[in-house]
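Participant: Input: one structure, supplied below.
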Amino acid sequence: MNWRVTRFLAGLVLVVGAVSAVVAGYYRFFTPVPALEDLNVLLISVDTLGERHLGRYNPEVKFTPNISKLADGGVRFARHYAAAPWTKPAFASIFTGLMPSVHGTTDRSSGLSYDLLTLAELFKERGFKTAGVVSHFYLGAESGYAQGFDSYKEITSKRRMHKIITSEKVSDSALKWLSNYSAAKEQNPFFMFLHYFDPHFNFMHHPDFKQTKPYNGPIQPGMDIRKLRELAPSFSAADLDYLIGLYHEEISYTDHHIGRVLDALESLNLKRKTLIVFVADHGEEFMEHGWIGHTRTLYNELIRVPLIFYLPGVFKPAVIDDPVSQVDILPTILALSKKAYAAEGLNGISLLEQILTGKSNMPERDILSEVSFHSSAIPHAYKTSVVRGNLKAIHDKTTEVWELYDLALDPGEKTNIASVKPELLEGLAAVIRKWEAKEKGVFPAINEKAPAPEELEQLKSLGYM
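Residue numbers (the working numbering): 2 to 466.
Encoded structure:
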C-alpha cells in the first residue's frame with residue numbers, strides 16, 4: 002500500500018459489517034444477484050448537462066431514451082447538486098468526496114493533487130482493473146485525473162477542443178476495452194470512467210438527432226461562445242429556442258452513443274454484474290439570469306444535475322427527493338461495491354440506505370456549492386451557496402450581496418427575498434460564513450504549465466478566459 006493510501010486510510014473507519022447486514026436483508030427480496038464485492042463499476046458522465054434537459058427529470062424531454070432507461074430501472078436522485086459550476090472542481094469533488102475549497106482544484110491552472118486518494122486509486126488498491134476514456138482536456142493526465150487508472154485515454158486536447166465531435170470515439174474506445182476485458186475472461190472486476198464532452202459549447206448541429214425548428218436568425222451551429230455572448234443581449238425568443246435546440250441535439254447524439262455502451266454490456270453478459278452510475282459535472286445557463294454558459298453563478302440551471310444508480314435485479318426503481326451532493330458519490334460507490342468506508346475527513350456521505358430502500362428519509366442536511374473562478378475576459382466569481390430544505394442562500398464574497406430563494410415557490414430563483422425575510426436568511430448565512438471561514442485547501446494542487454498561445458485561443462473560444 003503506497004504512502005498516500007496509508008495516510009488517507011489512517012482516518013477511516015471500516016464499516017463493511019454494517020453494510021453487509023443491510024445488503025443481506027435486502028437480497029432476500031431481489032435474488033439471484035451477484036455478490037456486491039464482485040461488481041464492476043461504470044461511472045458515466047456527461048459534460049454540461051443540466052437536469053432539466055434530460056428525460057425523466059423533465060417530462061417534456063423525449064430525446065434521451067437510453068439515459069431514461071437507466072432512470073426508469075434505477076434509483077434517480079431528483080435533487081442532486083454539483084459542488085461547483087464547472088468541470089475541474091466538480092470532478093475533483095466526484096473523485097475525492099471533498100468540496101472544491103478542500104481539494105484545492107479551483108481554477109484553470111490547478112490540477113488534482115497527488116496527495117489525495119481518488120476513486121480510481123481506491124478501486125485499483127483493491128484489485129480492480131481500472132480504465133478511463135475522457136474527451137475534455139481538463140480531465141487529462143496533465144491535470145492529475147489519470148491517478149489510479151491502468152488505462153486512460155484522452156480523445157481530444159487543448160489544441161482541438163470542441164471543434165470536433167467526440168462521443169462516438171469515447172464509446173468506440175469503451176467498447177474496445179470492454180470487448181478485450183470480456184475476451185480475456187478477467188477474474189478481477191473493473192472500474193471504468195467515461196466522460197462525454199459534446200453537450201458543452203460550441204453547440205453543433207446533428208441532422209440525425211434534430212431538435213431545432215426552421216430558423217433564419219444570426220446564430221450558427223458551432224458558433225464561438227464569445228460571439229454568442231456578444232449577441233446575447235439582443236436575443237429573441239426564437240434565437241434562444243434555436244440555441245437550446247442545438248444543445249439538445251448534442252445531448253441526444255451523446256445519449257445515442259451512451260446507448261451503444263449499454264448495449265455492449267448486455268451483449269458481453271456484463272450488465273447484471275455492473276453497477277452503473279450516471280452523473281453530470283454541471284449544467285448550462287441560457288439567459289435565465291443574464292448569462293450564456295457556465296463557471297460564474299450558482300443558480301439551479303448550473304448546479305442541479307442528474308444522478309442515477311443502476312443495477313438491474315438489485316435496485317428497485319425509485320426516485321429520491323432528499324437533497325444530495327456530488328461529494329456523496331465516492332462514499333456511495335464504495336459502499337455499494339462492498340468497499341465501504343466512513344471518513345471523518347470526507348465532506349460527503351454514503352447514500353446506501355436510500356438506494357437500497359428506495360425511500361427519501363434522510364435528516365435535513367445543508368448542501369453546499371461553491372465557485373472561485375477568475376478570468377480576464379468574464380466577470381470573476383467568488384460565491385458560496387447552501388440549500389436547506391426548500392430554502393437556498395447565495396453569498397457573493399466580492400460584493401457581499403446575499404440572495405435567498407424559496408425553491409418551492411420560486412424554482413427559477415427569480416425573486417430574491419433576502420431583504421424581506423432576514424429571519425430565514427440568518428441561519429443559512431451562518432452556515433455559509435462558518436464554511437468560508439474554515440481553514441481549507443490543505444492539499445497542494447498541481448500547478449500546470451502555462452498554455453501555449455494557440456491553447457490560450459482555444460481556452461478563450463470555450464469561454465474559460
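From the three backbone atoms N, C-alpha and C, an ideal C-beta is built for every residue, glycine too.
All values derive from a computational prediction rather than experimental measurement.
So is P200 buried or exposed if we call it buried at 16+ other beta carbons inside 10 Å?
Facilitator: It is buried - the Cβ of P200 has at least 16 other Cβ atoms within 10 Å.
Participant: Are the Cβ atoms of V278 and I309 separated by less than 9 angstroms?
Facilitator: Yes; because the gap between Cβ atoms is below 9 angstroms, this pair is in contact.
Participant: Quick one: what's got a C-beta closer than 7 angstroms to M1's C-beta in the same chain, skipping five residues either side?
Facilitator: Any property of residue 1 remains undetermined from this structure, which presents the chain solely from 2 to 466.
Participant: For the 8 angstroms Cβ check, are there 3 or more pairs between the stretch 47-58 and the stretch 90-109?
Facilitator: Output reads no: the stretch 90-109 does not touch the stretch 47-58.
Participant: What is the DSSP secondary structure of S351, reduced to helix, strand or coil?
Facilitator: DSSP places S351 in coil when its eight states are reduced to three.
Participant: At what residue ranges does the stretch 129-215 contain a whole run of the beta strand (DSSP E), taking only runs of 3 or more?
Facilitator: Here the runs fully enclosed are 130-135, 152-155 and 191-197.
Participant: Which value, in whole angstroms, describes the spacing of the CA atoms of T400 and K415?
Facilitator: Approximately 19 angstroms between the Cα atoms of the pair.
Participant: What does the alpha-carbon distance come out to for the pair L303 and Y248?
Facilitator: Each residue's alpha carbon lies about 14 angstroms from the other.
Participant: So S268 is in the beta strand (DSSP E); what residue range does that whole segment cover?
Facilitator: Where S268 is concerned, there is no enclosing beta strand (DSSP E), although the alpha helix (DSSP H) it sits in stretches over A238 to S268.
Participant: Figure out for me which residue from A132, E126, P90 and S136 has the closest Cα to the Cα of S114.
Facilitator: Among A132, E126, P90 and S136, the Cα nearest to that of S114 is on P90.
Participant: Does the distance from the CB of G428 to the CB of R366 come in under 9 angstroms?
Facilitator: No, Cβ-Cβ distance for G428 and R366 is not below 9 angstroms.
Participant: In angstroms, rounded to a whole number, what distance separates the CA positions of A184 and N270?
Facilitator: Computed Cα separation, rounded: 11 angstroms.
Participant: What alpha helix (DSSP H) runs, 4 residues minimum, are completely inside the stretch 96-133?
Facilitator: Listed in chain order, the complete alpha helix (DSSP H) runs (minimum 4 residues) inside the stretch 96-133 are 101-104 and 120-126.
Participant: Hey, could you find the ends of the beta strand (DSSP E) D73 is sitting in?
Facilitator: Here D73 belongs to no beta strand (DSSP E); instead the alpha helix (DSSP H) covers P66 to G74.
Participant: Going by Cα to Cα distance, which pick from A142, E169, I368 and H81 is closest to H257?
Facilitator: The shortest C-alpha separation from H257 is found at E169.
Participant: Residue range of the beta strand (DSSP E) that L308 falls in?
Facilitator: Unbroken beta strand (DSSP E) run through L308: L308 to Y311.
Participant: Considering only the beta carbon of each residue, do T275 and L71 sit closer than 9 angstroms?
Facilitator: Not closer than 9 angstroms, so no.
Participant: Less than 9 angstroms between the C-beta atoms of Y254 and S46, yes or no?
Facilitator: No. Outside cutoff.
Participant: Look at the alpha carbon of A84 and the alpha carbon of Q327, and state the distance between them as a whole number of angstroms.
Facilitator: Near 6 angstroms, if we compare the C-alpha coordinates of Q327 and A84.
Participant: Do I156 and V135 have their C-beta atoms within less than 9 angstroms of each other?
Facilitator: Contact: yes.
Participant: Considering just the uninterrupted stretch of the beta strand (DSSP E) at V402, what are its terminal residues?
Facilitator: V402 -> beta strand (DSSP E) spans V402 to D407.
Participant: Just to confirm, is the Cβ distance from I293 to A233 under 9 angstroms?
Facilitator: Against a cut-off of 9 angstroms, the Cβ pair of A233 and I293 comes out as a contact.
Participant: Measure the beta-carbon distance from L410 to L425 and round it to whole angstroms, keeping in mind my assumption that it falls under 8 angstroms.
Facilitator: Contact flag wrong, Cβ pair sits at about 12 angstroms.
Participant: Would you mind working out which of I334, I252, F194 and E371 sits nearest K63, comparing C-alpha positions?
Facilitator: Out of I334, I252, F194 and E371, I252 has the C-alpha closest to the C-alpha of K63.
Participant: Report the rounded CA-to-CA distance for A239 versus Y216, giving the unit in angstroms.
Facilitator: One C-alpha to the other measures close to 8 angstroms.
Participant: Opposite H81 in the DSSP bridges: which residues?
Facilitator: Answer is V325.
Participant: Between which two residues does the beta strand (DSSP E) harbouring A394 extend?
Facilitator: Where A394 is concerned, the enclosing beta strand (DSSP E) stretches over L392 to D397.
Participant: What number of angstroms, rounded off, separates the C-alpha of R77 from the C-alpha of Y311?
Facilitator: Between R77 and Y311, the C-alpha separation is close to 9 angstroms.
Participant: Under 9 angstroms between the Cβ atoms of V387 and L352?
Facilitator: Going by C-beta atoms, V387 is not nearer than 9 angstroms to L352.
Participant: Consult DSSP for N49 and reduce its assignment to one of helix, strand or coil.
Facilitator: Looking at the sequence shown, residue 49 is not Asn but Thr. Coil at T49, not helix or strand.
Participant: Could you check the C-alpha separation between G413 and G314 for me, to the nearest Å?
Facilitator: Roughly 37 angstroms between the two C-alpha positions.
Participant: Pull up the distance between the alpha-carbon of H126 and that of I356, whole angstroms please.
Facilitator: In the sequence under discussion, the amino acid at residue 126 is Glu, which differs from the His named in the question. Cα to Cα, the separation comes out at about 25 angstroms.
Participant: So, for N391: in the same chain, excluding its five sequence neighbours on each side, which residues have a beta-carbon less than 7 angstroms away from its beta-carbon?
Facilitator: The answer, listed in chain order, is D407, L408 and A409.
Participant: Quick one: residues in its chain with C-beta nearer than 8 angstroms to the C-beta of A430, no 5 flanking neighbours on either side, listed in chain order?
Facilitator: So the list reads A394, H396 and W403, once near-sequence residues are dropped.
Participant: Take G149 as the anchor and find which of G133, Y139 and H137 has the nearest alpha-carbon.
Facilitator: Comparing Cα positions, the closest option is G133.
Participant: Locate the alpha helix (DSSP H) running through R389, then write down its first and last residues.
Facilitator: Run containing R389: none in the alpha helix (DSSP H); it sits in the beta strand (DSSP E), A382 to R389.
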